[in-house]
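Residue numbers are given in the numbering used here: position 70 of the sequence shown equals residue 87, and the series is strictly consecutive. The next block holds one structure in the form of structure tokens; read it before the comments.
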Amino acid sequence: MTIKESLLILCGGAEALPCIQVAKSMGLHTVVVDGNKDAPGCFVADEFIHASIYHPSEVVLAIDSHIKNMSIKGLITVAADNPVTVATVAKHLGLPSLSLHTAHLATHKLEMKKALLAAGILTPWFIGIKSLEQLEEIISARPALYVLKPVDSRGSRGVIRLSKLQECQEAFAYSIQYSMANELILEEWIEGQQLSSESIVSLGESHLCGLADRNYSRLSNLYPFVVEDGGETPSRLSSIEMEKSINNLMNMICKAIGLENGSIKGDLVISNGVLYVIEFAVRLSGGSFSTETIPLVYEYNLVENVIRMALGRSPVLPPIPLVYKRYQCNRFFFIPAGKISSINKMPVSDNRIINFQLFVKPGDITGNIKNHTMRAGSVLTIGATRDEAIDIATAVINSVKFEIDHSELIE
């Protein structure tokens, strides 16, 4: 009997399901690792290993006791900010992947910014923050609108805006609680159009796979918190010139951090015609961007080609310039704080509604939304035009009715 090649997938969440399906379609034996023993991926993978994907040593120990008779040929992650674990496991198993140095620069926000600055890449003004007194001194001496965030968090946890001395104490206390390193980074808020890019990287060269407009229309209502309400793909700013600019920018980042093969996600902002890098991630992105949006809009299978590289094979690269075939929109449910009494009027069936999820149920008590994880659900739609995709997503969000008992609140 021929032994199938095995692929480790260091995430078993809902967004890993398309990855598992792609890997299986490639004839691979799928082994999912996740800290949640009831993760959706554990029910569809060929094998499941229970270990926290954010604790490298735990994953190594769990894998060693599980894969003695298995032919592990590659590993990937998706929608999980765990490149240090990926790099650690890859080194332990002798598999092609990220170096530990690259993984560190991609997850420690202050070191990331220093690497960008050293490479001559435009990024908003920033400084490391270790005390409330230091924060107050900077806000007093350099008036501006800022973002304060942990150097080592994810999912917008601990991210908060401020501009006044009076806001410093509350902002510092909120943000520092999300940092294991007990360290923050303060960066200037740059007004402009925010974009998400995703590129495949082969032999040190990046190739743009998708570009989306990020929707931050709720910023004023959610102040001081920074929570995205989806976006649209392709970006309104998509062009051959923009594609070249982003490819050049990502090539500079890859060189600065030593990324040879894999994928890179960029959080970008364009202000007065100038392109800035806010952050980047060296993994397949979340929000269904890598797994659903890119295949739908551009008909390019990014996941399959990242898997091919993880196995030591050559990828099929996207066309230059990118060609989009349809439009995509995603939006999230933002509901008031309180106890959910009932949820009714689910959306009608429509083949333009690609993905609809609710993360809450009757009886749940929700708080005021402060980060991405506190949104109540999402919808992803496609359309022949941008307006059609947006209108469908908006209609779905408006159609679902939540009855909230406001007498029961949590912070």
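Note that CB positions come from ideal geometry on N, CA and C, so glycine has one too. These numbers come from a predicted model, not from an experiment.
{"Check": "Sequence-distant residues of the same chain with beta carbon closer than 8 angstroms to G137, five excluded per side", "Outcome": "M269"}
{"Check": "Inter-residue Cα distance where the pair is V101 and C185", "Outcome": "32 angstroms"}
{"Check": "Cross-strand partners of H67 (DSSP beta bridge)", "Outcome": "D51"}
{"Check": "9 angstroms Cβ cutoff met for S216 and K282", "Outcome": "yes"}
{"Check": "Where V76 falls: helix, strand or coil (DSSP)", "Outcome": "helix"}
{"Check": "Opening and closing residue of the beta strand (DSSP E) in which F373 lies", "Outcome": "370-375"}
{"Check": "Beta-carbon proximity list for S304, same chain, < 6 angstroms, skipping 5 on both sides", "Outcome": "According to the sequence as given, residue 304 is Gly; it is not Ser. The answer is none, since no qualifying residue turns up."}
{"Check": "At least three beta-carbon pairs within less than 8 angstroms, the stretch 156-163 to the stretch 319-329", "Outcome": "no"}
{"Check": "Spatial neighbours of Q210 in its chain, beta-carbon cut-off 6 angstroms, leaving aside the 5 residues before and after", "Outcome": "I287"}
{"Check": "Segments of 4+ residues assigned as alpha helix (DSSP H) that fall wholly inside the stretch 120-187", "Outcome": "126-135, 149-158"}
{"Check": "Beta carbon of A190 nearer than 9 angstroms to that of R178", "Outcome": "no"}
{"Check": "Cβ contact check for the stretch 334-348 and the stretch 357-367: 3 or more pairs under 8 angstroms", "Outcome": "no"}
{"Check": "Touching by the beta-carbon criterion (3+ pairs, under 8 angstroms), the stretch 197-213 and the stretch 222-240", "Outcome": "yes"}
{"Check": "Buried/exposed call for Y163, threshold 16 Cβ in 10 Å", "Outcome": "buried"}
{"Check": "Residues that S280 bridges to, as DSSP identifies them", "Outcome": "I217"}
{"Check": "Complete beta strand (DSSP E) runs within the stretch 205-273 (minimum length 3 residues, chain order)", "Outcome": "210-219, 222-231, 248-250"}
{"Check": "Close-in-space but distant-in-sequence residues of the same chain around A410 (CB under 8 angstroms, 5 per side omitted)", "Outcome": "G247, C346, N347, R348, V396, L397, T398"}
{"Check": "Secondary structure of F297, DSSP reduced to three states", "Outcome": "strand"}
{"Check": "Outcome for L334 when other beta-carbon atoms lying within 10 angstroms are tallied against a minimum of 16", "Outcome": "exposed"}
{"Check": "Close beta carbons around E296, own chain, < 6 angstroms, minus the five adjacent residues each side", "Outcome": "D284"}
{"Check": "Inter-stretch contact (C-beta, 8 angstroms, three-pair minimum) for the stretch 132-147 and the stretch 54-65", "Outcome": "no"}
{"Check": "Nearest residue (CA-CA) to K480, options G384, I202, S88, E222", "Outcome": "In the structure as shown, the chain begins at 18 and stops at 428. Residue 480 is therefore absent and cannot be evaluated."}
{"Check": "Which of helix, strand or coil DSSP assigns to E405", "Outcome": "helix"}
{"Check": "Opening and closing residue of the beta strand (DSSP E) in which V396 lies", "Outcome": "394-400"}
{"Check": "Integer Cβ distance of I370 from F419, believed to fall under 8 angstroms", "Outcome": "Actually they do not touch by this definition, with Cβ atoms about 19 angstroms apart."}
{"Check": "Spatially closest choice to Q183 from N238, F306, L149, by CA coordinates", "Outcome": "L149"}
{"Check": "Neighbour-count burial assignment, I26, 16 or more Cβ in a 10 Å radius", "Outcome": "buried"}
{"Check": "Between the CA atoms of N99 and V429 - distance to the nearest angstrom", "Outcome": "Since the first residue of the chain shown is 18 and the last is 428, residue 429 is not available in this structure."}
{"Check": "Collapsed DSSP secondary structure at C346 in the structure displayed", "Outcome": "strand"}
{"Check": "Contact check, Y315 vs G227, beta carbons under 9 angstroms", "Outcome": "yes"}
{"Check": "Rounded straight-line distance, which links the Cα of S424 to that of I93", "Outcome": "45 angstroms"}
{"Check": "Three-state secondary structure assigned by DSSP to E420", "Outcome": "strand"}
{"Check": "Limits of the beta strand (DSSP E) - the one that I311 falls within", "Outcome": "No beta strand (DSSP E) holds I311; the alpha helix (DSSP H) holding it covers 311-315."}
{"Check": "T250 and Y341 closer than 9 angstroms at C-beta", "Outcome": "yes"}
{"Check": "Sequence-distant residues of the same chain with beta carbon closer than 6 angstroms to V69, five excluded per side", "Outcome": "Reading the sequence as shown, one finds Ser at residue 69 and not Val. Closer than 6 angstroms at the Cβ level, and outside the excluded window around S69, lie G52, E75."}
{"Check": "Nearest-angstrom Cβ-Cβ length linking E277 and L220, presumed shorter than 8 angstroms", "Outcome": "7 angstroms"}
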